[in-house]
Amino acid sequence: IEELIRIGKETAAAADPHTVFPSINGIGDTVIGALRDFFGNERNDEVLEVLLAQVHPKPYIVNVSAGNAVAGKTIVFTGTLEKMTRPEAKAMAERLGAKVAGSVSAKTDLVVAGPGAGSKLKDATKFGIEVIDEDTWLQRIGKGA
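Counting the sequence shown from 1 gives a position; my numbering is that position plus 365.
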């Protein structure tokens with residue numbers, strides 16, 4: 366938490382806050398503006414100091430197995446998944462070290478397509494991206510029958 370507060374304060378003080386977040390996916394002008402507003406307010410600093418004196422969170426640890434078939438890959442799920450929900454599939458992929466994207470681009474490595482897949486499937490074909498079904502996905506990550 367202290368590291369996040371430090372980054373927030375750097376953002377509030379930076380002449381160009383984009384230098385603090387040069388390449389974090391999803392951090393744009395709106396989020397940077399909100400961080401500047403929050404951490405630029407002295408009252409919020411006081412509240413955070415009181416809170417940190419009372420709260421001692423456990424470290425958040427993510428175990429990523431680099432030796433699996435999807436670690437480091439960008440994956441898109443499309444269509445209807447029949448054996449798990451989309452949030453479950455996303456969480457599973459992220460636990461295995463993959464990045465889950467909401468749209469297909471040339472940087473996408475794999476598309477998992479269920480019934481009813483539409484434009485994402487067409488985009489995957491256009492970019493020459495590997496497309497597999499849900500059963501193949503489960504087999505690939507060691508969860509299939």
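Ideal placement from N, C-alpha and C gives every residue a C-beta, glycine not left out. None of these values were measured; they are calculated from a predicted model.
Residue environment analysis places Glu-407 among the exposed positions, since fewer than 16 neighbouring C-beta atoms fall within 10 angstroms of its C-beta. In the DSSP assignment, the residues bridged to Thr-443 are Ala-478.
Note that the C-beta distance between Thr-439 and Lys-464 is below 7 Å. With contacts defined by Cβ atoms closer than 7 Å, Leu-400 and Gly-437 do not form a contacting pair. Boundaries of the alpha helix (DSSP H) harbouring Ala-454: 451 to 460, taken from the DSSP string.
Around the beta carbon of Phe-404, 16 or more other beta carbons lie within 10 angstroms, which makes this residue buried. Shown here, Val-496 sits in a strand according to DSSP, grouped into three states. For Ala-418, the enclosing alpha helix (DSSP H) has its first and last residue at 407 to 419. When secondary structure is reduced to three states using DSSP, Ala-399 falls in the helix class. Per DSSP, the beta-bridge partners of Lys-464 are Thr-439. When secondary structure is reduced to three states using DSSP, Ile-370 falls in the helix class.
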